[in-house]
Amino acid sequence: MSQHILEVKNLSKHYGALAAVDDISFSISEREIFALIGPNGAGKSTTLRMVTTILSPTGGDVLVADHSVHKDPAKVREVISYLPEEAGAYKNLRGIDYLTFMAGLYAKDAQEVKESLEFARGLTGLGNRLNDKISTYSKGMTRKLLLARTVMSKPKLAILDEPTSGLDIINAVEIRKSIKDLASHGMSVLLSSHNMLEIEFLSDRVGIMNKGKLLEVGTPAELKKKYNATNLEEVFLAIVL
Amino acid sequence: MKKFFLLLKKEIRELLTPLMVLPILVTVVLFGAIGKIGKIESEKAKSPQTITVIDQDNSSLSQQITTALGASNFKVVSAKLEDGATLAQTNNSVAYLLIPADLEDKVQSAQSPTLELHTFVRSLSASASTKQAIVKGAVAAINEAVSNQLLKSQTSLDPAFAKQPIHVDEFVAVADREAHVSYEEVLGFVQSQTYFIPIILFLVIVFASQLIATSIATEKENKTLETLLSTPVSRQSIVAAKLVAAGLMALLFSAVYMIGFRSYMDGVTGGLSMDVQGATAEALRSLGLKFGALEYALLGLSLFVGILAALSVALILGAFAEDVKSVQGVVTPLMVLVMIPYFLVMLTDFSTLPQAAQWAVYAIPFAHPFLAIQNIALHHYPAVLYGILYELAFFLVAVYAASRIFSSDYIVTLKLNFSKKK
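Residue numbers (this note's numbering), protein chains in the order written: chain F, 1 to 241; chain R, 1001 to 1422.
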């Protein structure tokens, strides 16, 4: 087994003549938080969707814990968990029922379901509101529920697309802290975001994408030094413009 | 398997919402209520109707007419010419009858007397047709009385024999079986047993197809589909759970509709044609027209596989819907395909259609349950079995195609959003 939890090798996704993702490669180590940043349409979400086996690559491969998305997508899905951008939950279910349902899809037995639920309960901070229908939740509450759902099965790799999009500052800060804490306990994270502040706070390494290509990879400090910039926003603009 | 049941439970909980169940229950309750009203109306029609008679002849013949009306379930009220019309209005008569003073004289001199029947129009509803039958009944009763009197006075023959000297014994053959029963009785029974099945089948197919397409569209709209597709659950399980959940709902709603229609039919027909007794029942049984366990099992199987075939197509069509609003648009082709056999079977004699049209209908998998109803009644069992096999083969191919779509990019990239078209 390699020391990388994720290896993206010459990955491409073409829709006819359009290259949504064009021959990109990067890897993520255990406990590492890796962020993909780039303007709208850069290919970040398409990359995440290929890693999660929702879309099939038209070129290259993705290995998650040594399982190929081409050859063994079912094995890949066992070790990952995905939080799509603007994801929703089943509104007719109560929060606790949703968590129980999702835990059941990952757990091997009832004990694992119980453990996942206990973990998620604490992480959501929703208390008794978990007994209410999800349709009554605010956007922030739903996002917390979904983040807890994503990580409660303790996946080897959590894939988070814009984890704090649309949230107020307090909720966003709480979620960022949770992600950082989970990574320190052994989970690797692949995330995408438009929020440079968030990226700088969370990420060990950053990959900058534009028009389907991965233009730079490095730690925030390395990138700032290379582009003589005071923050990631300046780095981003220097590369993309 | 454990994950499949988890998915199934989730699907059922998503489908069984008050918003989904309430309209169905309301429909059934309404059908029951309409049936009850029908029952009350038909009982009303059976009760004696008042008719006002203005007898200006006061002969033995005019007396016989009055007696004959009384024997034909009329309540006869006698009146004078001056106030007869007014009295008939106030006593709620269906009509008033004016017997001329020369009735008996004219009949005896072999001339046709003219009687006047004045009918009151108090409503133009469907029940007005019942009134037409009542009035016709009154005219028939009058003619019967007069002709009986004539025959008695002119001949030594029994009036009943003179009017119907020949007795016709009716036999009906279905395939190689024959029984002593009238064609009218057979047709009435078969239609009463089976004519509500196509209606239910049509409603259930339409309903279940919309249900499954909506369930996919809702997952897309609420952005839960991508999460589900990234979980360690096989795509086949996701497809199967959606199919089975919608199939179970379809069965549940079929049962509910069946109860509703049955009570409606019982109400409207007064339960008469549903339960035939005595010699007629025996004749129908010997013709094999009274559906037994085997016939119902065959019909049920054809219905169920037909619904599954429709669901599998709806599953594929649902993959094209981007949101709930676009569901109606994507399932329209399916609705049209269900309507074609429905109307053809309900309104035409399928066996006399041109060959090309028949084969075109055979190609529609959901046509076979409609055709099975008649084929079972007429003992064309091979046709029913071939139909079921075709439905099954179609279902398996469509489910395979659906699971291929769910295993590919298409499930997230296919889009036909009609709602955005302006």
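The beta carbon of each residue, even a glycine, is placed where N, CA and C say it ideally should be.
Looking at the DSSP output, residue 1218 of chain R sits in no beta bridge, so it has no partner there. No Cβ of chain R is located within less than 8 Å of the beta carbon of residue 34 of chain F. Here the alpha carbon of residue 1183 of chain R sits roughly 11 Å from the alpha carbon of residue 1169 of chain R.
Within chain F, the residues 90, 93 and 101 have their CB atoms less than 8 Å from the CB of residue 1010 of chain R, given in chain order. Contact with chain F is found for residue 1409 of chain R, since one of that chain's Cβ atoms lies less than 8 Å from the residue's Cβ. Between residue 63 of chain F and residue 1388 of chain R, the alpha-carbon positions lie close to 46 Å from each other.
As for any alpha helix (DSSP H) of minimum length 4 sitting wholly inside the segment 1110-1196 of chain R, the runs are 1128-1154, 1159-1163 and 1183-1194, ordered along the chain. Between residue 94 of chain F and residue 130 of chain F, the C-beta spacing is below 8 Å.
When the beta-carbon positions are compared, residue 162 of chain F and residue 196 of chain F stay at least 8 Å from each other. Taking 8 Å as the CB threshold, residue 105 of chain F lines the interface with chain R. Counting only the Cα atoms, residue 1365 of chain R lies some 49 Å from residue 213 of chain F.
Within its own chain, the residues whose Cβ lies closer than 7 Å to the Cβ of residue 1032 of chain R, once the five positions on either side in sequence are excluded, are 1260, 1263 and 1264, listed in chain order.
At a Cβ-Cβ threshold of 8 Å, residue 1235 of chain R and residue 1395 of chain R do not count as neighbours.
Residue 167 of chain F is positioned such that its CB atom lies no closer than 8 Å to that of residue 48 of chain F.
In chain order, 151 place their CB closer than 6 Å to the CB of residue 182 of chain F, counting only its own chain and leaving out the 5 sequence neighbours on each side. The beta carbon of residue 82 of chain F falls within 8 Å of a beta carbon belonging to chain R, placing the residue at that interface. The Cβ atoms of residue 1318 of chain R and residue 1212 of chain R sit closer than 8 Å to each other. With 16 or more other Cβ atoms inside 10 Å of its own Cβ, residue 1257 of chain R counts as buried. Using a 10 angstroms sphere on the CB of residue 1166 of chain R, the tally of other CB atoms stays under 16, which defines it as exposed. Ranked by Cα distance from residue 57 of chain F, the first of F:22, F:155, F:36 and F:40 is F:22. The straight-line gap separating the alpha-carbon atoms of residue 1072 of chain R and residue 1307 of chain R is approximately 50 Å. The C-beta distance from residue 1064 of chain R to residue 1149 of chain R rounds to 6 Å, short enough to fall under 8 Å. Between the alpha carbons of residue 1095 of chain R and residue 1058 of chain R lies a distance of about 20 Å. Taking the beta carbon of residue 1190 of chain R as reference, no residue of chain F falls within 7 Å; the closest one sits roughly 44 Å away. Selection R:1253, R:1159 and R:1123 evaluated against residue 1026 of chain R yields R:1253 as nearest (Cα-Cα).
Looking at the backbone, the Cα of residue 1188 of chain R and that of residue 1383 of chain R are separated by about 24 Å. By the Cβ rule, the segment 1202-1222 of chain R does not count as touching the segment 198-218 of chain F, because fewer than three pairs are nearer than 8 Å. In the structure shown, residue 1101 of chain R falls within a coil segment according to DSSP collapsed to helix, strand and coil.
Around the Cβ of residue 1338 of chain R, a 10 Å sphere holds 16 or more other Cβ atoms; the residue is buried. In the three-state scheme derived from DSSP, where H, G and I count as helix and E and B as strand, residue 164 of chain F is classed as coil.
Here the alpha carbons of residue 1102 of chain R and residue 1114 of chain R stand approximately 9 Å from one another. Non-local beta-carbon contacts of residue 75 of chain F in its own chain, meaning distances under 6 Å to residues more than five positions away in sequence, involve 67 in chain order. Counting only residues of its own chain and dropping the five nearest sequence neighbours on each side, residue 160 of chain F has a CB closer than 6 Å to the CB of 83 and 191.
Within the segment 39-54 of chain F, 49, 52, 53 and 54 place their CB atoms closer than 8 Å to a CB of chain R, listed in sequence order. In the DSSP assignment, residue 83 of chain F is bridged to F:160.
With the rule of 3 Cβ pairs closer than 8 Å, the segment 1104-1119 of chain R does not count as touching the segment 1037-1045 of chain R.
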